[in-house]
Amino acid sequence: MSTGKAIAVRALALAAAALLAAGGLGTALAASGTKAQVELWKASCRVCHQPKGSAKPLSPSSLIGMQWQRFFAKQFARTHARLTHPEKKRALGEILTPEIRKQLEKFLVDHAADSEQPMTCGR
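Numbering-wise, this note's numbering comes out as the position in the sequence shown, counting from 1, plus 19.
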């Protein structure tokens with residue numbers, strides 16, 4: 020193999036390795052983001068929405084994305100805002116700030132029954 024061709028092959032191999040490493044890093048970052056979102060779900064919702072909880076068992080894949088969006092847009096304030104969190108002993112409307120609700124909604128829609136990555140989160 021000529022020197023020029025060997026350099027080109029080596030450069031191509033290095034570029035492929037860099038792309039694979041970057042893809043792996045992206046996957047690791049996405050996984051850690053999902054882990055934090057799962058923990059938020061468990062601490063905020065799953066605490067009641069589990070088999071022996073005070074509310075109907077739910078997981079992200081219990082509903083389709085549009086149903087989760089409708090819940091946060093139209094039902095949360097009416098059905099959940101005044102409920103007391105069983106561990107924090109404060110109203111959910113105080114604990115679940117608009118920013119936290121947006122994070123929960125995004126997680127639930129991203130992992131709803133009709134998503135590319137439905138999740139049960141232990142259900």
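No residue lacks a Cβ here, since even glycine has one placed at the ideal position from N, Cα and C.
Just so you know, these numbers come straight off a predicted model, no measurement behind them.
Where T53 falls: helix, strand or coil (DSSP): Three-state DSSP puts T53 in a helix.
For E124, the first and last residue of its enclosing alpha helix (DSSP H): Per DSSP, E124 is one residue of the alpha helix (DSSP H) stretching across P117 to D129.
Cβ separation of V128 and Q88, assumed to be a contact under 8 Å, to the nearest whole Å: Contact holds; Cβ gap of about 6 Å.
Cutoff 8 Å; reference T103; Cβ partners in own chain excluding five residues on either side: The residues are R109, A110 and L111.
Proximity test, V66 beta-carbon vs the ligand ADP heavy atom, cut-off 7 Å: What this structure holds is no ligand at all, so the ligand ADP is not there to describe.
For M85 and P13, the rounded distance between their alpha carbons: Residue 13 lies beyond the stretch modelled for the chain, which goes from 20 to 142, so this question has no answer here.
Counted within 10 angstroms of its Cβ, other Cβ atoms place A131 as buried (16 or more) or exposed: Counting Cβ neighbours within 10 Å, A131 comes out buried, since at least 16 surround it.
L48, buried or exposed, once every other Cβ within 10 Å from all chains shown has been counted against 16: Confidence at L48 is low in this model, with a pLDDT of 34, below 50, so the placement of that residue is unreliable and no value is reported for it.
Classification of Q136 by the beta-carbon crowding that lies within 10 angstroms, buried from 16 upward: Result: exposed.
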